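Chains A and B, in that order, give the protein sequences.
Heads up: the first sequence begins at 1 in our numbering, then just goes up one per residue.
Heads up: the second sequence begins at 1001 in our numbering, then just goes up one per residue.
Positions of the beta carbon are idealized from the N, C-alpha and C atoms, including for glycine.
Nothing here was measured: the structure is a model prediction, and the numbers come from that model.
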Amino acid sequence: MTRVRVVLGTFGFDQHEVGARLVASYLRDAGVEVVYVGRFNLPDRLLATALDEDAQVIAVSCHSWEYLAYAPELVDLIAASEAPELRLVIGGSVITPDDAARLREQGVAAVLGSGATRDEVVGAVLAAAGA
Amino acid sequence: MTEGPGFDAPDAIAGLDYARDLGDPGTYPFTRGQAPSRRGGRSWVHRELSGEGSPARSNEQLRHLLEHGAVGLDVIGDAPTVGLFDPDHPYARHSVGTQGVSICRLDDFAQLYDGIDLANVSISHSLPAAFTVAGLYLTARRRSIDPALLRGSVINAPFFMEDYGYATLLPFEMRLRMALDTIEFATREMPRFHPFVEDTYFISDGGPGPVDEMALGFVELREVVRSLIARGLHVDEFAPRFVILVNCRMEVFTEIAKIRATRRMYAQMMREEFGARDPRSWSATITVHTSGASMTAQQPVNNVARGAVQAFAMAAAGVKAMEISAFDEALRTPSPEAHMVGLRTQQIIELETDVQGSADPLGGSYYVERLTNQMEEQIYARIREFESAGPPAQLFESGYYRSIFTDAMERHGREIADGERPHVGVNCFSIPHEDDVLLREASESKIAPDHAHAEAIARWRGTRDQRGVAAALDRLSHEAAEDGSLMPAILDGLEADATIGEMAGAIRRGAGLPEDPLTGTSR
Chain A
1 MTRVRVVLGT
11 FGFDQHEVGA
21 RLVASYLRDA
31 GVEVVYVGRF
41 NLPDRLLATA
51 LDEDAQVIAV
61 SCHSWEYLAY
71 APELVDLIAA
81 SEAPELRLVI
91 GGSVITPDDA
101 ARLREQGVAA
111 VLGSGATRDE
121 VVGAVLAAAG
131 A
Chain B
1001 MTEGPGFDAP
1011 DAIAGLDYAR
1021 DLGDPGTYPF
1031 TRGQAPSRRG
1041 GRSWVHRELS
1051 GEGSPARSNE
1061 QLRHLLEHGA
1071 VGLDVIGDAP
1081 TVGLFDPDHP
1091 YARHSVGTQG
1101 VSICRLDDFA
1111 QLYDGIDLAN
1121 VSISHSLPAA
1131 FTVAGLYLTA
1141 RRRSIDPALL
1151 RGSVINAPFF
1161 MEDYGYATLL
1171 PFEMRLRMAL
1181 DTIEFATREM
1191 PRFHPFVEDT
1201 YFISDGGPGP
1211 VDEMALGFVE
1221 LREVVRSLIA
1231 RGLHVDEFAP
1241 RFVILVNCRM
1251 EVFTEIAKIR
1261 ATRRMYAQMM
1271 REEFGARDPR
1281 SWSATITVHT
1291 SGASMTAQQP
1301 VNNVARGAVQ
1311 AFAMAAAGVK
1321 AMEISAFDEA
1331 LRTPSPEAHM
1341 VGLRTQQIIE
1351 LETDVQGSAD
1361 PLGGSYYVER
1371 LTNQMEEQIY
1381 ARIREFESAG
1391 PPAQLFESGY
1401 YRSIFTDAME
1411 RHGREIADGE
1421 RPHVGVNCFS
1431 IPHEDDVLLR
1441 EASESKIAPD
1451 HAHAEAIARW
1461 RGTRDQRGVA
1471 AALDRLSHEA
1481 AEDGSLMPAI
1491 LDGLEADATI
1501 GEMAGAIRRG
1511 AGLPEDPLTG
1521 TSR
């Protein structure tokens, strides 16, 4: 089985990286290859990186409300790309259960809100990668 | 924490010398506080974090707070503003005004402060320091207010904010230079204003603990002091206006000890090491923002209790000003409901408790004095370690500080996720989501990005005197390539209606960088 590879970062001007770094460490501990792209990512750049890196999942950690607009934009970009099987996973304490339900409807593979455990985070990413 | 008999006996502080280590409040080494007493109705400055949407909308928020008893204001910029990007930047479209106020030009400052008595209301700013000092100065002049009367402060964080708060994408040397230029300018022109707030809050929240919070803060502060002295200033010219803005987590006795140790260390450094002779230079002005990372998205009402405990501790520690991270902190910048709870919490502590009965109610406690000594020892040890590791520019380059922060963030997150650090409602005593309803609606309400403001700025751009704007930007870029103060060119730039984003671009260009590192474009 090929190793799971994930592109991980934050959207736009969302500069809170604590969650993203924690998730990166969880995923690396679980044997996932993490391409950490940090801050300042618009959807097209995340997609381009995921295609270049041959990743199965794009994971975005959120601490600002920019995800409300960027997540569906990224889902649409993925669907129209050469790799429509790419999956998007979104996580962050600011995501409310109502937002989570809407994001899933919009095509986000998994949404992790506040209180998600390490196992839930790792499990959601692995499941999205089909591993 | 639970070693030993579970209490501190007198021998825990056996070597403590009252005159040398504590002193009366208001006297060297100021361990017991900056002011001699709390008598005469002098309380700490009550303020709450504000700023959302356009400058005009934020102005309404500020006026509302003043009407309800706030005696100071605390304004934070939105993410693009703090990063020196304008609201119509392509990366800013979904974040304009959502986490603070959008500010990019001189007229924005005029709108933000409209109707506010700038000579009497103290405004604390989490906004780009050089541009904010320039904007406040010019606004005062236009309103015929003597800038020498301006009060308040600005966070000025050349070291760590770039990687762990808001990136400006300016090189370290330029960030430090702009910080020093700002302090020099304000020291001369705005002598009541505090142009250097050493913000250890953001250094620590969600990452390094209290020891590294202060050690890293002191590393930055000490380098700023040395650099200003190297520019020919005497320490007594600027040190009296320095402020340290600290964090307060839930381990409140440790936090109180941290503040007392910091006051003692600051006094020693200023007098013994940097040669300050003015007692006002020896006494640290310490303000606090209570920990946002201690606030939970689960059961937001629990955060009211957390804020009250932290705020009471900070009142007992004798801070000069305070803002409480609000009950909705995990989800948003404060809602009007959260503002009111934060303000009322401070008023209850001030007026209904007797915490004001002593300038240092906990002084002499075996526990607190032992913790204070311990904090001092540990903070000094880390300062020595950091300062002997090499010059700051080199340590930023090599990733030395990056790894300190990264490790601390991961450790902090794991402690909560693994249940090692109890967080009520998160990793213990949690309840099903459907039962978690108290204050949830206020906490989950969102501020929409202010697209209209971004569009208005984009339209306004075309109406300016373009030649004047270009000339001002060229001058700023030229100055940035030389080594004089950037403040005159920044003042000219604001007056010529250049935007903060454009001016940051001109400064980057002068430093040999692309004007806009995000899009890779230049003018």
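Item	Value
Between which two residues does the alpha helix (DSSP H) carrying ALA59/A extend?	First-last for ALA59/A: 57-61, but that is the beta strand (DSSP E), not the alpha helix (DSSP H).
So, at 7 Å on beta carbons, what are the nonlocal neighbours of ARG1464/B in its own chain, with the 5 sequence-adjacent residues on each side left out?	ASP1497
According to DSSP, is HIS1064/B helix, strand or coil?	helix
On the three-pair Cβ rule with 8 Å, is the stretch 1360-1370 of chain B touching the stretch 1334-1346 of chain B?	no
Under a three-way DSSP split, which group does GLY1015/B fall into?	coil
Between THR1333/B and GLY1004/B, what straight-line distance do the alpha-carbon atoms span, to the nearest angstrom?	42 Å
Would you verify that the beta carbon of GLU1272/B is, or is not, closer than 8 Å to some beta carbon of chain A?	no
Starting from PHE11/A, trace the beta strand (DSSP E) in both directions and tell me its first and last residue.	5-11
Could one say the Cβ of SER1095/B lies closer than 8 Å to chain A's Cβ atoms, at least one of them?	yes
If contact means a Cβ-Cβ distance below 7 Å, which residues of the stretch 100-127 of chain A contact chain C?	Although the question refers to chain C, the structure presented lacks it and instead comprises the protein chains A and B.
Would you call the stretch 1192-1205 of chain B and the stretch 1239-1248 of chain B in contact, with 3 or more CB pairs under 8 Å?	yes
Report the CB separation of ALA1313/B from PHE1030/B in whole angstroms; it is logged as a contact under 8 Å.	Not a contact, Cβ separation roughly 19 Å.
Can SER1477/B and ALA1506/B be called in contact, C-beta distance under 8 Å?	yes
Taking a cut of 7 Å between CB atoms, which residues from the stretch 59-79 of chain A lie near chain B?	SER64, TRP65, GLU66, ALA69, TYR70
By the 9 Å beta-carbon criterion, what residues does the stretch 1277-1310 of chain B contribute toward chain A?	ALA1293, THR1296, ALA1297, GLN1298
Am I right that ARG87/A and GLN56/A are in contact with their C-beta atoms under 8 Å? What's the rounded C-beta distance?	7 Å
If you draw a straight line from the alpha carbon of GLY1512/B to that of PRO1087/B, how long is it in whole angstroms?	24 Å
Does any residue of chain A bring its CB to less than 8 Å from the CB of GLY1520/B?	no
With 16 as the cutoff for other CB atoms within 10 Å, does TYR1018/B come out buried or exposed?	exposed
Express the C-alpha separation of GLY31/A and ARG21/A in angstroms, rounding to a whole number.	15 Å
Taking the DSSP output, what are the residues bridged to GLY1152/B?	ILE1123/B
Use the C-beta contact count for CYS1104/B: other C-beta atoms within 10 angstroms, 16 or more gives buried, fewer gives exposed.	buried
Extract the residue ranges of the beta strand (DSSP E) inside the stretch 1316-1348 of chain B, only unbroken runs of 3 or more that lie entirely within it.	1321-1323
Is any heavy atom of the ligand NAD found at a distance shorter than 7 Å from the C-beta of PRO1210/B?	The ligand NAD is not part of the structure shown, which contains no ligands of any sort.
Where DSSP assigns a beta bridge to PHE1196/B, which residues make up the other side?	PHE1242/B
Counting only beta-carbon atoms, is PHE13/A nearer than 8 Å to chain B?	yes
Taking 8 Å as the threshold (C-beta atoms), are MET1190/B and PRO1147/B in contact?	yes
Expressed to the nearest angstrom, what Euclidean distance is found between the alpha-carbon atoms of VAL1121/B and GLN1374/B?	38 Å
For ARG1063/B, which residues from the same chain have a beta carbon less than 8 Å from its beta carbon, with the 5 sequence-adjacent residues on both sides left out?	GLY1115, ILE1116
Check GLY1115/B in the structure and name its three-state DSSP category.	coil
Starting from ASN41/A, follow the beta strand (DSSP E) in both directions and report where the run begins and ends.	33-41
Does the CB of HIS1433/B have a neighbour CB from chain A at under 8 Å?	yes
Leaving out five residues on either side along the sequence, give the residues of the same chain with a beta carbon under 6 Å from the beta carbon of LEU1221/B.	GLU1198
Anything in the stretch 1145-1167 of chain B with a Cβ closer than 8 Å to a Cβ of chain A? List those residues in chain order, please.	TYR1164, GLY1165, TYR1166, ALA1167
Just to check my reading of the structure: SER1095/B and GLU66/A have Cβ atoms closer than 8 Å, yes? What is that Cβ distance to the nearest angstrom?	5 Å
Does the distance from the CB of VAL35/A to the CB of VAL18/A come in under 8 Å?	no
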